Amino acid sequence: MWAQVPKGLERVLEPVAMVWGRLDRMTTRRYVTKVVRARLDEISGACGPGVDAERVLRERLKRRLTEQGTVPVTDPVGWLVGRALPRRALCPDSRCDDGRRMDTRADCAACQMLVLDGRALRSRAFAKATTALAGGRVDRPVFEAELNACWQREAAAAAVRREDALRQRHARERVWAEQRAQRAAQEAARRALACTVCGKPETAGLCGRCRDERRVEELVAEAVDVAVATWGMSGEAYRLDAVRRTERDMRGAIDQAVRDLLAAGGGVFAESVALAARLAAELQLGALQRRAVNWFAHQPPAQAEYEKVFATEMRRSHLHDSLEAAREAAEETAQTARFNTAHALLNDQLRTLRADRPTSEADAEPDWYAQAAAQVRGLIRPAPPERAMSVRRPPALPGSLARGSEAGVGA
Ligand SMILES: [Zn+2]
Ligand SMILES: [Zn+2]
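Numbered per numbering that gives the first Met the number 0, the sequence shown spans residues 0 to 410.
This is the structure we're talking about:
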């Protein structure tokens, strides 16, 4: 009896028709047919519906037959099921068979990576040797060898995945290291910049002394704005008066602080002078801001807010233990409302003032405050006081302060 290739599978099984013919039992043929269909499904599943699974399997069978060469197939079932039909791949790519992609017929990239890996190469050689030794029979040694090969495949695939992850981690670490080095270089370059004002080297573009001096000018300008916004909005005369008085008070307080420091004697650095001037200007501006808020707090809008909130709170006086406690609570809430309103009024006036500032003034000093502020903000870490004092300088008053003191005295 010469068995015919099952209907519908003629094209796939055509290369191995001679081996198929020797499957003498009906049950055996049914079993192998099932295996063929399972392999076709496997190929379709791995490569997708766009790939001709029958073509792929037919080519596989041709290759296996070529490999067999002149060695006779002694066990047709074992040879077909164990050798000819299964996909052979050492790599984790399910579209790979014998190192080639079933869908594109190109060399399998995953396998090429495995070839680079010595351990995988050994395991591949081992797997091949066991197949050749088995001589096409399905028996226990072959099964065990196959099991071993499977294990090797898994180990190789795991090794590839591990190496891959390691490579990726090394690449990431390299990038991080480069970024760190770049940032360090940028930081070093930034720190190495000389002061743009006085030329002091390695001060990140602005030394502590010049920064303090700039800040003093900013604080004076801020104080003048606060004073004008509070007391100088009702006419030019009021404005001029507020400007003059504030300049005088600010410069006066600054000069006083500097005089006090110089009077203390010893070697005084220009850095300490600038720092003392800045601290004095900050204190003076703070006091002026409090006076301004206090003034607004007693103007009609804030007073009205106070009364309104007080009345609202007193309507809920029944929530308190006594009328006295209710009044105390209402007073506190209303005062808070009063001062909130005062702050808002001051800020509104400051906004109006800055918005109304003539453009010619801005042109004369092109964005000076913004520039200085940006520069200060750009210096992430302000120089600590001991660093500001580390370089000895002749104990002379900085120019701007000297001018300031003249103006202060003259006013
Ligand atoms: Zn592969
Ligand atoms: Zn400087």
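Ideal placement from N, C-alpha and C gives every residue a C-beta, glycine not left out.
Nothing here was measured: the structure is a model prediction, and the numbers come from that model.
Pop quiz: residue i and residue j are said to be a contact at Cβ under 8 Å. What is the actual Cβ separation, rounded to whole angstroms?
i	j	result
residue 112	residue 45	Not really, about 19 Å apart at Cβ, beyond 8 Å.
residue 72	residue 18	6 Å
residue 345	residue 229	7 Å
residue 253	residue 215	6 Å
residue 274	residue 211	5 Å
residue 193	residue 199	6 Å
residue 213	residue 270	In fact, because the Cβ distance is near 14 Å, the residues do not count as touching under 8 Å.
residue 414	residue 95	This structure cannot speak to residue 414, because the chain is shown only from 0 to 410.
residue 227	residue 238	5 Å
In whole angstroms, what separates the C-alpha of residue i from that of residue j?
i	j	result
residue 38	residue 162	31 Å
residue 153	residue 91	8 Å
residue 108	residue 93	12 Å
residue 75	residue 172	55 Å
residue 316	residue 310	10 Å
residue 340	residue 353	20 Å
residue 407	residue 338	Per-residue confidence for residue 407 stands at a pLDDT of 36, beneath the threshold of 50, marking its modelled position as unreliable; the derived number appears in the next sentence. Whole-angstrom Cα-Cα distance: 32 Å.
residue 235	residue 281	27 Å
residue 158	residue 166	12 Å
residue 256	residue 272	9 Å
residue 180	residue 347	47 Å
residue 286	residue 293	11 Å
residue 188	residue 155	48 Å
residue 350	residue 258	35 Å
residue 326	residue 314	10 Å
residue 151	residue 8	33 Å
Determine the contact status of residue i and residue j, defining contact as a CB-CB distance below 8 Å.
i	j	result
residue 32	residue 5	yes
residue 296	residue 312	no
residue 57	residue 10	yes
residue 249	residue 283	yes
residue 59	residue 82	no
residue 231	residue 240	yes
residue 2	residue 28	yes
residue 267	residue 245	no
residue 291	residue 225	yes
residue 305	residue 343	no
residue 42	residue 34	no
residue 205	residue 196	yes
Which residues does DSSP pair with residue i in a beta bridge?
i	result
residue 96	99
residue 106	99
Restricting to runs no shorter than 3 residues, where is the beta strand (DSSP E) found entirely within the region 224 to 309?
none
Please specify which runs of the beta strand (DSSP E), each continuous and at least 3 residues long, are wholly inside the region 186 to 224, giving them in chain order.
none
Got a list of residues with beta-carbon closer than 6 Å to any non-hydrogen atom of ligand 4, in chain order?
Because ligand 4 does not appear in the structure shown, any question about it cannot be addressed here, the ligands present being ligand 1 and ligand 2.
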